[in-house]
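Shown next, in structure tokens, is the structure this report addresses.
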Ligand code: EPZ
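Numbering (full-length UniProt numbering), first residue to last: 1 to 430.
What follows is the structure in structure tokens.
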């Protein structure tokens with residue numbers, strides 16, 4: 001199993017290019033099969049989740065042509081199989097976006113039911129509620145979701161829970177239903193807006209994405225498009241908190257500052273200097289950082305995908321901080337790993353109390369999930385001594401060239417997989 005080995009103590013300094021948004025790209029790749037014409041998508045992040053979904057898409061018969069690491073051409077005209085196998089869903093839950101895409105275009109889809117994952121049970125009842133409201137017969141048989149409809153008819157749908165996945169999945173199906181669909185209590189994340197813009201560039205008629213109400217007038221067919229994915233605000237925020245935690249000075253390039261408002265607000269609250277430019281944000285963390293309170297909320301609130309990253313940073317801030325995780329029920333596992341590096345934390349239910357300490361000491365830790373894994377790398381870079389992070393396969397699902405980008409900012413980090421490589425690193429760094 002590959003690991004990261006890190007020698008902490010270096011402040012991160014410099015500029016880093018941010019890639020395309022993984023969570024926008026996953027939905028957009030699924031939606032690309034909704035036309036029989038060719039779709040070109042660029043600014044794709046070259047990460048494992050994207051590559052697995054492209055395999056699933058070609059697995060049902062679509063033509064997938066990888067132009068380069070960040071560009072793909074897809075043509076869905078030859079799809080003859082509407083059955084997404086379990087091993088794709090097991091690898092990435094977001095394969096379930098093919099449900100909305102296939103149901104919208106072919107009025108049929110069979111997708112393995114995704115299980116829970118490391119951060120919570122993650123039901124998909126709201127997705128199924130939306131499909132049924134549009135007139136689809138939806139049932140679960142032998143671990144598979146079977147969805148089919150004679151016709152999809154637009155409806156007024158009120159989601160019981162604000163869900164990124166359900167908003168996007170039902171929006172996709174409704175884009176090719178008959179008549180008007182109104183979606184209420186929807187997610188407003190930038191990637192929801194990006195998917196709506198992508199579908200509209202294919203001829204869909206979607207209004208209001210990014211607000212509380214989305215109105216969709218269904219169309220009978222969608223056409224080709226060339227589209228570029230928005231920058232990944234979670235990758236950007238991860239580097240911004242890495243700058244804060246290592247007392248560095250980092251500028252994230254190729255971002256949309258508006259998407260980072262909640263993150264910027266918290267960095268300023270704890271004492272960082274933040275400078276915004278048109279498509280870049282600079283974070284400087286010099287003096288002592290101090291505590292704050294955080295509650296994760298749907299956008300534009302503080303993102304749950306940034307919770308581990310701010311948690312690690314707060315563990316090195318003076319004073320007592322609290323984090324309330326209101327989106328997922330099991331997203332504090334990284335804190336017990338952090339305690340092994342010297343953090344002073346206490347978790348009760350969905351609330352964590354963090355007493356700032358002066359420093360972490362390097363240790364061997366294990367990444368419990370994608371964002372927590374990235375946060376533990378941040379902890380290693382801020383720690384005294386050597387840290388080894390196991391199970392980095394999680395991190396590679398969502399961060400392209402993570403260790404390369406960190407090294408370009410002055411981090412002492414390498415990807416290793418044998419004891420010999422670990423010894424070699426320790427000899428090299430002294
Ligand atoms: C997306 O997951 C992201 N994944 C997650 O990012 C992100 O944490 C999450 O949105 C919240 O922003 C992708 O976009 C691929 P939700 P999703 O449906 O859509 C409950 C990462 O690190 N819920 O908005 O699955 C659910 O249990 C990943 O990149 C229902 O109850 O999240 C959760 O408590 C991790 N019923 C809450 O809603 C449903 O039918 C929000 O989940 C759907 C969701």
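Every residue, glycine too, gets a C-beta built ideally from N, C-alpha and C.
{"Asked": "Buried versus exposed, by CB contacts within 10 Å (16 or more), residue 220", "Found": "exposed"}
{"Asked": "One or two residues paired with residue 253 in a DSSP bridge", "Found": "17, 280"}
{"Asked": "Distance, residue 40 Cα to residue 223 Cα", "Found": "12 Å"}
{"Asked": "Heavy atom of the ligand EPZ within 7 Å of residue 136 beta-carbon", "Found": "no"}
{"Asked": "Meets three-Cβ-pair contact criterion under 8 Å: the segment 340-355 and the segment 195-214", "Found": "no"}
{"Asked": "heavy atom of the ligand EPZ below 7 Å from residue 95 C-beta", "Found": "no"}
{"Asked": "Residue 131 in three-state terms, based on DSSP", "Found": "helix"}
{"Asked": "Proximity test, residue 189 beta-carbon vs the ligand EPZ heavy atom, cut-off 7 Å", "Found": "yes"}
{"Asked": "Residue 353 CB to nearest heavy atom of the ligand EPZ below 7 Å", "Found": "no"}
{"Asked": "When 11, 45, 154 are compared against residue 396, the one with the closest alpha-carbon", "Found": "45"}
{"Asked": "Through-space distance from residue 265 to residue 193, alpha-carbon basis", "Found": "22 Å"}
{"Asked": "Heavy atom of the ligand EPZ within 7 Å of residue 113 beta-carbon", "Found": "no"}
{"Asked": "Residue 390: first and last residue of the uninterrupted beta strand (DSSP E) it sits in", "Found": "386-390"}
{"Asked": "Reduced DSSP category for residue 298 - H, G, I as helix; E, B as strand; rest coil", "Found": "coil"}
{"Asked": "Neighbour-count burial assignment, residue 277, 16 or more Cβ in a 10 Å radius", "Found": "exposed"}
{"Asked": "Any beta strand (DSSP E) of 3 or more consecutive residues that is wholly inside the segment 167-242", "Found": "180-184, 205-207, 213-217, 225-228"}
{"Asked": "Exposure label - residue 307; buried when at least 16 CB within 10 Å", "Found": "buried"}
{"Asked": "Whole runs of the alpha helix (DSSP H) within the segment 302-334, excluding any shorter than 4 residues", "Found": "307-314"}
{"Asked": "Residue environment, residue 137, which counts as buried when at least 16 other CB atoms sit within 10 Å", "Found": "exposed"}
{"Asked": "Assigned secondary structure, residue 399 (DSSP; H/G/I helix, E/B strand, else coil)", "Found": "coil"}
{"Asked": "DSSP three-state assignment for residue 432, whether helix, strand or coil", "Found": "Shown here, the chain extends from 1 to 430; a query on residue 432 therefore has no answer."}
{"Asked": "Proximity of residue 415 and residue 2 at Cβ, strictly below 8 Å", "Found": "yes"}
{"Asked": "Opposing strand residues paired with residue 137 [DSSP bridges]", "Found": "148"}
{"Asked": "Residue 215 at chain D interface by Cβ criterion, 8 Å", "Found": "As a matter of chain content, chain D is missing from the structure shown, which is built from one protein chain."}
{"Asked": "beta-carbon residue 54 near the ligand EPZ non-hydrogen atom, thresh 7 Å", "Found": "no"}
{"Asked": "Near the ligand EPZ: residue 288 beta-carbon under 7 Å from a heavy atom", "Found": "no"}
{"Asked": "Cβ-Cβ distance between residue 22 and residue 50 below 8 Å", "Found": "yes"}
{"Asked": "Option in 323, 430, 328, 26 with minimal Cα separation from residue 355", "Found": "323"}
{"Asked": "Any non-hydrogen atom of the ligand EPZ within 7 Å of residue 308 CB", "Found": "no"}
{"Asked": "Cβ contact check for the segment 97-110 and the segment 254-261: 3 or more pairs under 8 Å", "Found": "no"}
{"Asked": "Where residue 369 sits in the DSSP three-state scheme", "Found": "coil"}
{"Asked": "Proximity test, residue 392 beta-carbon vs the ligand EPZ heavy atom, cut-off 7 Å", "Found": "no"}
{"Asked": "Stretch pair the segment 125-137 + the segment 162-171: three plus CB contacts closer than 8 Å", "Found": "yes"}
{"Asked": "Span of the alpha helix (DSSP H) around residue 424", "Found": "419-429"}
{"Asked": "Classification of residue 87 by the beta-carbon crowding that lies within 10 angstroms, buried from 16 upward", "Found": "exposed"}
{"Asked": "Nearest-angstrom beta carbon gap, residue 209 and residue 251 [assumed within contact, 8 Å]", "Found": "No, residue 251 and residue 209 are not in contact; Cβ-Cβ is about 29 Å, not under 8 Å."}
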